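Residue numbers (the numbering used here), protein chains in the order written: chain B, 10 to 264; chain X, 10 to 264.
Structure first, commentary second.
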DNA sequence: CCCCGACTGTCAGCGAGGTGACAGTATCGA
DNA sequence: TCGATACTGTCACCTCGCTGACAGTCGGGG
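This is the structure:
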């Protein structure tokens with residue numbers, strides 16, 4: 010099936026299309042950005058900076074007030090440093106102009122840009138302020154000075170990144186062991202904020218490496234079973250407990 | 010997700026045992042341990058400690074000489090600290106007694122145990138010295154002191170963990186976008202040391218969430234195409250270039 | 001207000017891969 | 001040297017999910 014007759018050219022064009030932030034965001038690009046978006050320092054679980062840190066450092070951090078719709082950082086460029094969102098929401102998106110797809114949302118307390126900066130890799134998505142937003146920014150030099158002056162913060166930052174690594178590991182395991190229904194359940198459960206996942210089915214499908222019709226079928230089944238409410242551009246989790254049960258099921262059913 | 014264990018009768022072994030009536034360690038356990046084993050600080054790519062660091066710190070690190078077959082650290086228990094392998098090889102395995110499955114190997118320069126220690130989670134596998142091995146050990150206090158006294162090392166450690174996070178991300182994308190052949194190619198390419206992957210097909214299949222017969226079929230196809238040599242308990246990569254081409258193919262074949 | 005673009009809902013057909021089973025073979029310990 | 005115990009190689013059958021297409025619905029901009 011994968012004989013020597015495949016067109017190397019079309020494959021290459023496909024790959025190149027992914028790398029440039031072109032017009033039509035290919036599924037693969039959406040998928041990659043969406044998964045990376047799940048690896049930010051989430052407030053509550055694994056934020057490297059506590060609110061006490063932020064207040065203590067407030068004077069030495071650059072404050073950035075972003076007007077609604079403003080781009081805070083742009084995908085494709087190397088990360089200028091670390092962003093800490095203090096108020097408002099930032100929408101993470103891929104793709105140009107009208108064809109852009111939202112792959113995630115940053116909320117107050119979230120920290121992003123650190124991994125890209127540490128590794129010198131380009132940011133995979135663009136962040137825009139949804140309403141008015143207040144961010145704190147550390148450039149590379151500030152970041153180094155922060156870690157140098159505050160070893161406790163350095164230590165906690167290490168813990169934060171380690172936690173993100175562990176959750177990425179967990180997602181690998183989730184993705185491999187389950188049927189599509191299990192993957193969907195796992196994705197919804199840890200992507201939800203306040204019981205709602207505000208992503209279109211197309212994006213969810215891309216994140217799972219699944220086809221949209223297949224995803225839709227699973228969603229409707231789960232809705233019929235009373236676990237979800239499928240709405241326009243979002244999914245509401247109704248019965249999280251049962252949903253966790255779906256995730257736990259072994260991969261294939263068979264008598 | 011939680012770590013595995015090495016001792017029959019522990020809670021986790023019991024829970025995993027419930028999922029399948031199975032006797033051998035459940036595939037899910039093997040899979041999880043195998044993926045975590047791929048997230049150690051590999052020498053060369055993302056080791057937090059340079060050899061110069063190690064020599065500079067040699068006096069303050071605890072040296073541990075492990076006789077062949079000795080257990081260096083045991084799965085299921087919380088990590089006592091960070092292990093740096095200086096000489097020899099450590100075999101990472103899951104499962105009790107004779108039924109154990111090897112999920113990875115540590116080589117000179119590799120660093121492990123840091124993530125589990127940082128997060129307070131149990132180690133998912135047991136490490137045994139294959140031949141004679143020399144390890145350096147830092148307990149939690151030593152680790153904290155190291156990061157406190159050497160900010161440059163703390164900074165590099167952060168970079169190392171960030172690199173491991175990025176590679177875990179990359180694996181998620183690899184796993185979702187490709188056909189089974191693509192997944193196999195990706196797995197073999199970055200699991201190989203000196204062109205050889207020394208894991209049985211059962212373990213490889215578990216890592217990919219695939220069935221062994223399916224994996225075997227793909228391996229034989231790749232062998233027929235001259236890219237691999239399938240041997241007893243290991244796979245030898247013959248033509249890495251072509252294998253990289255297989256990995257790049259889009260997900261599904263289609264006229 | 002209406003229209004256009006984006007999103008959801010659904011279908012028939014097909015191929016990839018899972019399942020369980022069984023035979024052959026390499027490896028290791030007694 | 002001889003089993004016991006893995007591991008590999010392969011089969012027929014069947015399910016899951018992908019493909020491509022089309023109709024219905026929501027929502028924002030002119």
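Each residue gets a CB set at the ideal place from its N, CA and C atoms; glycine is no exception.
These figures come from a predicted structure and were not determined experimentally.
Alpha-carbon to alpha-carbon, residue j and residue i
i             : j             : result
residue 235/B : residue 226/B : 14 Å
residue 127/X : residue 41/X  : 19 Å
residue 212/B : residue 130/B : 23 Å
residue 92/X  : residue 170/B : 19 Å
residue 150/B : residue 156/B : 10 Å
residue 78/X  : residue 137/X : 6 Å
residue 66/X  : residue 94/B  : 39 Å
residue 68/B  : residue 163/X : 24 Å
residue 103/X : residue 37/X  : 11 Å
residue 135/X : residue 241/X : 24 Å
residue 142/X : residue 160/X : 29 Å
residue 239/B : residue 204/B : 12 Å
residue 81/B  : residue 114/B : 13 Å
residue 189/B : residue 64/B  : 44 Å
residue 167/X : residue 165/B : 10 Å
residue 229/X : residue 221/X : 12 Å
residue 192/B : residue 59/B  : 32 Å
residue 177/X : residue 174/B : 7 Å
residue 56/B  : residue 255/X : 39 Å
residue 44/X  : residue 200/X : 11 Å
residue 148/B : residue 73/B  : 13 Å
residue 186/B : residue 224/X : 15 Å
residue 233/X : residue 248/X : 12 Å
residue 158/B : residue 75/X  : 39 Å
Contacting residues, own chain, Cβ-Cβ under 8 Å from residue i (five flanking each side not counted)
i             : result
residue 52/X  : 116, 117, 118, 119
residue 252/X : 194, 197, 198, 231, 236, 237, 246
residue 96/B  : 117, 141, 142, 143
residue 132/B : 82, 83, 84, 85, 86, 87, 88, 122, 125
Cross-chain neighbours of residue i in chain X, by beta carbon under 7 Å
i             : result
residue 182/B : 10, 40, 41, 44
Amino acids of chain X, ordered along the chain, whose beta-carbon sits closer than 9 Å to that of residue i
i             : result
residue 153/B : 160, 164
residue 217/B : 185
Contact set between residue i and chain B, taken where Cβ atoms lie within less than 8 Å
i             : result
residue 171/X : 123, 124, 127, 128, 170
Residues that residue i contacts on chain B, provided the C-beta gap is smaller than 7 Å
i            : result
residue 48/X : 174, 178
residue 37/X : 186
Sequence-distant residues of the same chain with beta carbon closer than 6 Å to residue i, five excluded per side
i             : result
residue 139/B : 98, 100
residue 183/B : 195
residue 49/X  : 119, 121
residue 207/X : 243
residue 71/B  : 146
residue 111/X : 100, 102
residue 123/X : 91
residue 181/B : none
residue 250/X : none
Chain-ordered neighbours of residue i on chain X, where CB pairs are closer than 8 Å
i             : result
residue 167/B : 127, 156, 163, 166, 167, 170
Residues near residue i in its chain [Cβ-Cβ closer than 7 Å; skip 5 each side]
i             : result
residue 218/B : 40
residue 46/X  : 101, 112, 113, 134
DSSP beta-bridge partners of residue i
i             : result
residue 148/X : 90/X
residue 100/X : 114/X, 137/X
residue 213/B : BP columns for residue 213/B are empty, so no partner.
residue 49/B  : The partner list for residue 49/B (beta bridge, DSSP) is empty, contrary to what the question assumes.
residue 63/X  : None, per the DSSP bridge assignment.
residue 143/B : 74/B, 96/B
residue 227/B : None, per the DSSP bridge assignment.
residue 121/B : 92/B
Positions along the region 235-255 of chain B whose CB lies within less than 7 Å of some CB in chain X: Residues passing the 7 Å Cβ filter: none.
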